[in-house]
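One structure below.
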Amino acid sequence: ARYKRLRGFNVLHPMGWDAFGLPAEQYAIKTGQHPALTTRENVAKFKSQLKRIGFSYDWQREINTTHPGYFKWTQWIFLKIYNSWFNPKTNKAEPISTYRGEDPDSVRLAYVADVPVNWCPELGTVLANEEVVEGKSEVGGFPVVRRPMRQWMLRITAYAERLIDELEGLDWPAGIKLLQRNWIGKSEGAEIEFKIDNHDAGIRVFTTRPDTLYGATYIVLAPEHSLVDQIVTEEQWPAVREYRERTARKSDLERTELSKEKTGVFTGAFAINPATEEKIPIWIADYVLLGYGTGAIQAVPAHDERDLEFARKFDLPIREVVQPPAGEDPIGFVGEGVAINSPIIDGLPSREAIREITAWLEERGLGKRAINYKLRDWLFSRQRYWGEPFPVVWENGKHRSLEENELPVVPPPLEDFKPTGTGEPPLAKAKDWIRYSDNATRELNVMPQWAGSCWYYLRFCDPQNDERFVGEEAERYWASGHHPGTVDLYVGGTEHAVLHLLYARFWHKVLFDLGYLSKPEPFQRLVNQGIILGEDSQKMSKSRGNIVNPDDVIEQYGADAFRCYEMFMGPLEQMKPWSMRGVEGVSRFLARVWRLMMSENQAGTWELSPTVQDVDFTKSQQKTLHATIKKVTEDIESLSFNTAISQMMIFVNAFTNAEAIPIAAMRTFLILLNPFAPHLSSELWEKLKSPGDITEQPWPSYDEKFLVEDEVEMVVQVNGKVRERMTMSIHASEEEVQAAALANPKIKELLAGKSPRKIIVVPKKLINIVV
RNA sequence: GCCGAUGUGGCGAAAUGGCAGACGCAACGGACUUAAAAUCCGUUGGGCUUUAAACGGCCCGUGCCGGUUCGAGUCCGGCCAUCGGCACCA
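Shown next, in the form of structure tokens:
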């Protein structure tokens, strides 16, 4: 940021505190203090630490997601989301007033639904899928179980397609794009309707391989599937009920851990395979998930590993319908081949077979092409205290939004803010606050941690605005940067790859669709920052005792050394271990910079070194200086800070023993050094009695003409091996180089009279003689 | 299991297909010092070899195997290892 500012760009370098949410609240509970208090203390602590490191943050633009002036607009954005729907015809969000259907509540982008959710008893709240890692809460690592609850959801799935497609134009690492794409998990296939024997209802399944329909020998429903109640036969009821209860008790962790062994129960009912018209049994099993696709599958044991395992365990028929290309055993083959035993598509390669049978199904109204996503709607409510209240009230069992002029909805100041443990939000304890009017009560849930962090980058542009979440002009101004995006460069860790970045893109797109923003994507360029490991190359953690505290390092070596070392360690994107010795090395470099320009007199005080004079550059000094300007400039552009520092070390080494050091060279160098070591460079800038403030100097430019030399050392290779070097004029022609090389005694000897078959000359670099 | 990233000295790392190891750390030697620290100068991938010593000379070397090329750390194919992500997604 310092560099860009020196280059005359307008740079935002603000600081934000995302202080709502579980981590802050858990900390408060642990220390027995109110989260409002702990938040204030922690912000103050971090702020002083950052100031000491010398980050050039713009404290005018500081924001805090827990301040009413901020979360008023978080709630405002929620209202916008609540009051809009996704129009599939225009492929974008529109105000709910444009919806012509009967029940607007069924299409809102924010809606209430009774869904199986991740309930964490320990935290006393539900969690988004994204916050559950291996069946445990990401915060705290507590067990999570699945349980149906009435919750607020955000319809992010409506944007699944665009969230994938619009990744295309972004300047992001391919890996992160992929991570997002996989998380959204698009798969194309078909939905097929199976009739149920002796029943009116049908079962819809989703499959990516409709071409294997003839091989579907049974149907499996998720245990929680709503159809189960209707179809189970009397004699199967006890078994089904028992199985469902067992499944419900399992946490997600157990459900996946026990995945090795398939379980399931026959419902007693049969479906009709629309292709073969055979009766096939309907089972329930927990390997089929309610949340994905239709919560029901056509099981094709011959060509699906899981179905095969299940079929073998429960002795269900296996029928092969795809012939593998290389004469392998068709059973268990899941790739693409040629359709067999499937009258209407026999002989067709899988892809064509898919197209053919889908068309066949569509003609008969038995199915249709379909696309499915792994992405689920975003579970947006939490039964906690420390978060933004919803700007929503309940009246006669229906929700309605508040007016914009009623914002912000400030949470009540609760003494006892701890989770109730029953699933009832803590806000229920604020009896007065709840009552909105005689017949309306407030929504008791609060928003998740992510709500505030979803749009903070917008607020940075215009943090004080109390008329709008971000002023139109301010937004356009910052959005029209020289990269066509809102945020030119976003530096963050991979841990945000799916959560924060996906949510923020979603909100941004909604606001863009509704006309509040000028660009459809929030972060045009994204660079991943590698984490810094402890000295033992392990992740820093309290339990390992390998934490490096910046305060201590700064205490000992100074903020400049700390900053420079972090940049010198290696490439930005890489994981790298901390090394105290490394800091020492960088600290020595900075000391050499100081002594290059300053010397200690007999009284022991530092004064400008007599070697620093107002003299002309020598030729080689000129070259070194310009090479350094060039390298440092280019390396900063490409974020290769480590090699930029290397070049500055070379510069200092080259000038160290000079008889006279041109003061102009030093001034230029200090400007280059300033983004890396702001304290040292500005102090030296003053000591050199330089004009003005170093941070206001124009960035130096270099001239290629100082970089070229008259003579250049060329390498002579014989058969690709370096055998000799010779100094040539840079103007030497190819012929001259060849002649010189062939005339070289050593080369002559190596050639031993043989004449070269081929000679390659790379100008100013090398000549390769092939014999 | 699937997807992705990475693999170069004792260590952190450099290298538009063109002199592998810049720069830094550590180590060793030297100067300064009564001494130490600090500082400065030098050496430092491995092996072989010439020599009184030095300069020098040769071979090997970027995880492993193969390919493309006059030339590969870099491009292509296959494998191995480490790390990260996803994981009953039909």
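Okay, so the first sequence: first residue is 32 according to the numbering used here, each after it adds one. All C-beta atoms in this analysis are idealised placements derived from N, C-alpha and C, irrespective of residue type, glycine included.
- The shortest CA-to-CA distance from E755 to any of N775, T105, G723 and E586 is the one to N775.
- For T472, the CB contacts under 7 Å within the same chain, skipping 5 residues up- and downstream, are V424, W425, I465 and R466 in chain order.
- The region 102 to 119 and the region 182 to 194 touch, with no fewer than 3 CB-CB distances between them shorter than 8 Å.
- By the CB criterion at 7 Å, T121 and F51 fall outside the cutoff.
- Between the region 569 to 582 and the region 527 to 543, the count of Cβ pairs shorter than 8 Å is below three; the stretches do not touch.
- Look at T97 here: in three-state DSSP terms it is coil, with no helix or strand label.
- In this structure, the straight-line span from the alpha carbon of T294 to that of E255 is close to 14 Å.
- If you check the CB distance, W486 and A55 do not come in under 7 Å.
- Per the C-alpha coordinates, the member of V624, P348 and S484 positioned closest to I311 is P348.
- A247 is positioned such that its CB atom lies no closer than 7 Å to that of G398.
- It is roughly 24 Å from the alpha-carbon of F599 to the alpha-carbon of N688.
- Around the beta-carbon of L209, fewer than 16 other beta-carbon atoms lie within 10 Å, marking it exposed.
- In this structure the region 379 to 389 does not touch the region 192 to 206; the number of beta carbon pairs closer than 8 Å is below three.
- Across the structure, P693 and H762 are spaced so that their CA atoms are roughly 31 Å apart.
- The beta carbons of V236 and T325 sit closer together than 7 Å.
- The alpha carbon of I112 has as its nearest neighbour, out of P45, Y404, P422 and A342, the alpha carbon of P422.
- Its Cα nearest to that of V749, the residue A772 stands out among A772, L542, R92 and W625.
- V251 is positioned such that its CB atom lies no closer than 7 Å to that of V271.
- Contact between the region 71 to 91 and the region 469 to 483 is absent: fewer than three C-beta pairs spanning the two stretches fall below 8 Å.
- When DSSP states are grouped into helix, strand and coil, C492 belongs to the coil group.
- The C-beta of T129 has fewer than 16 other C-beta atoms within 10 Å across all chains shown, which makes the residue exposed.
- Among the bridge pairs identified by DSSP, P147 is matched with P179.
- Runs of the alpha helix (DSSP H) spanning 4 or more residues and lying entirely within the region 749 to 784 occur at 765 to 774 and 776 to 782, in chain order.
- When C-alpha distances from I303 are compared across F364, K226 and I362, the shortest belongs to K226.
- Non-local beta-carbon contacts of K460 in its own chain, meaning distances under 7 Å to residues more than five positions away in sequence, involve L445 and D447 in chain order.
- Minimum Cα-Cα distance from F554 among the listed residues L532, A696 and L321 corresponds to L532.
- Among the bridge pairs identified by DSSP, D202 is matched with R556.
- Contact check for T298 against V331 fails: the beta carbons are separated by 7 Å or more.
- When DSSP states are grouped into helix, strand and coil, Q267 belongs to the helix group.
- Counting along the chain, the unbroken alpha helix (DSSP H) around M680 starts and ends at F672 to T687.
- Restricting attention to I108, F491, M184 and L438, the CA atom closest to the CA of D145 is found in M184.
- When the alpha-carbon of L244 is set against those of G216, P269, K573 and I388, the nearest one is in I388.
- When DSSP states are grouped into helix, strand and coil, V353 belongs to the strand group.
- Taken through DSSP and simplified to helix, strand or coil, I578 comes out as coil.
- With a 10 Å radius around the Cβ and a threshold of 16 neighbouring Cβ atoms, R619 comes out exposed.
- Annotated three-state conformation of K226 is strand, per DSSP.
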